[in-house]
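J.: Top line first, the protein sequences correspond to chains F and P.
Be aware that the first sequence starts at 40, since it is given in this note's numbering, and climbs by one per residue.
Be aware that the second sequence starts at 7, since it is given in this note's numbering, and climbs by one per residue.
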Amino acid sequence: EDQVTQSPEALRLQEGESSSLNCSYTVSGLRGLFWYRQDPGKGPEFLFTLYSAGEEKEKERLKATLTKKESFLHITAPKPEDSATYLCAVQANNAGNMLTFGGGTRLMVKP
Amino acid sequence: DAGVIQSPRHEVTEMGQEVTLRCKPISGHDYLFWYRQTMMRGLELLIYFNNNVPIDDSGMPEDRFSAKMPNASFSTLKIQPSEPRDSAVYFCASSPVAAGTQYFGPGTRLLVL
Chain F
40 EDQVTQSPEA LRLQEGESSS LNCSYTVSGL RGLFWYRQDP GKGPEFLFTL YSAGEEKEKE
100 RLKATLTKKE SFLHITAPKP EDSATYLCAV QANNAGNMLT FGGGTRLMVK P
Chain P
7 DAGVIQSPRH EVTEMGQEVT LRCKPISGHD YLFWYRQTMM RGLELLIYFN NNVPIDDSGM
67 PEDRFSAKMP NASFSTLKIQ PSEPRDSAVY FCASSPVAAG TQYFGPGTRL LVL
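#1: Helix, strand or coil: which one does DSSP assign to D69/P?
#2: Is the region 81-93 of chain F touching the region 106-115 of chain P in the sense that three or more CB pairs, one from each, lie closer than 8 Å?
#3: Short of 7 Å in beta carbon distance, which residues of its chain neighbour Q53/F, apart from the five on each side in sequence? Order them along the chain.
#4: With DSSP as the reference, identify every bridge partner of T144/F, one or two as the case may be.
#5: Nearest to G43/F by CA position, among L69/F, S67/F and V129/F, is which residue?
#6: Taking the alpha-carbon positions, what's the T65/F to F140/F distance?
#7: Indicate whether L72/F and L101/F have their beta-carbon atoms separated by less than 9 Å.
#8: Per the contact definition of three or more C-beta pairs closer than 8 Å, is the region 14-29 of chain P in contact with the region 48-59 of chain P?
#9: Can you give me the C-alpha to C-alpha distance between S79/P and K81/F, rounded to a whole angstrom?
#10: Any beta-carbon of chain F closer than 9 Å to the one on A94/P?
#11: Kindly confirm or deny that the region 86-101 of chain P and the region 19-28 of chain P touch, where touching means at least three C-beta pairs closer than 8 Å.
#12: So, under 8 Å CB-CB, I61/P and G135/F are touching, yes? Tell me the CB distance rounded to an integer number of Å.
Structure below.
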């Protein structure tokens, strides 16, 4: 059974204080690992897809990396508008387009 | 494109009543997914369709839940009868065949009293 565990559950940062969110996974043949951002009262918004170990993707202050067992979402010099819940999900090779989600990390960035 | 459209955005009902949630996927997407999100259990997949055909409904909690997709541009999730433990946010998502990325709607916040 595919499993995704995210840590920490919650993270408080000061504006400008860089940090990383962790996503550990077990999957029977990884097709892709997905990162989403979810703001309160809204649906998850797609950020990145990573397909193979060693791959990295960047968007503004966010950089996602992937190993064979985990993914990191690095946040550089965060701003208050980066406050949101970040969700990680895996997609297995034999699972159609199904995603298995982790519990998320709730990020709060204080000015 | 307008994105995935869900209605209603909020629903308050009494226990025992029938609830119908609606979803319009992004045009051209072949997959449609229904999720439920709660604080305790996070985001759970209920059922998904490929080309309007239900593929996996193993996440549907019980017989009170049913989902249909009569055509490529419309799907419903029905709860009959509803119970207070069904209170949650229900999301619909769609994805194209090739990419695998799912795009989510704004959700329906359901409260069963």
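Heads up, the beta-carbon is just placed ideally off N, CA and C, and yes, glycines get one too.
Please read these numbers as outputs of a predicted model, since none were measured by experiment.
T.: Quick look at the numbers:
#1: Stepping through the second sequence from its first residue, residue 69/P is reached at position 63. In the three-state scheme derived from DSSP, where H, G and I count as helix and E and B as strand, D69/P is classed as coil.
#2: For the pair of segments examined, the region 106-115 of chain P was found to touch the region 81-93 of chain F: the number of CB pairs separated by less than 8 Å reaches three.
#3: As a first step, residue 53/F must be located in the first sequence, where it is residue number 14. So the list reads K149, once near-sequence residues are dropped.
#4: Translated into positions along the first sequence, residue 144/F becomes position 105. Bridge partners of T144/F: Y125/F.
#5: Along the first sequence, one-based indexing puts residue 43/F at 4. Before going further, note that residue 43/F is Val rather than Gly in the sequence given. The residue among L69/F, S67/F and V129/F with its C-alpha nearest the C-alpha of V43/F is V129/F.
#6: The count along the first sequence starts at 1 and reaches residue 65/F at position 26. The count along the first sequence starts at 1 and reaches residue 140/F at position 101. For T65/F and F140/F, the distance between alpha carbons rounds to 12 Å.
#7: Position 33 of the first sequence, counting from 1, holds the residue named residue 72/F. Position 62 of the first sequence, counting from 1, holds the residue named residue 101/F. No. Outside cutoff.
#8: No: the two stretches stay apart, fewer than three of their Cβ pairs being nearer than 8 Å.
#9: Numbered from 1 along the second sequence, position 73 holds the residue referred to as residue 79/P. Numbered from 1 along the first sequence, position 42 holds the residue referred to as residue 81/F. Cα to Cα, S79/P sits roughly 22 Å from K81/F.
#10: Here the question's residue 94/P lines up with position 88 in the second sequence. Residue contact check for A94/P against chain F: no CB pair falls below 9 Å.
#11: These segments touch.
#12: Position 55 of the second sequence, counted from the first residue, corresponds to residue 61/P. Position 96 of the first sequence, counted from the first residue, corresponds to residue 135/F. 6 Å between Cβ atoms; contact.
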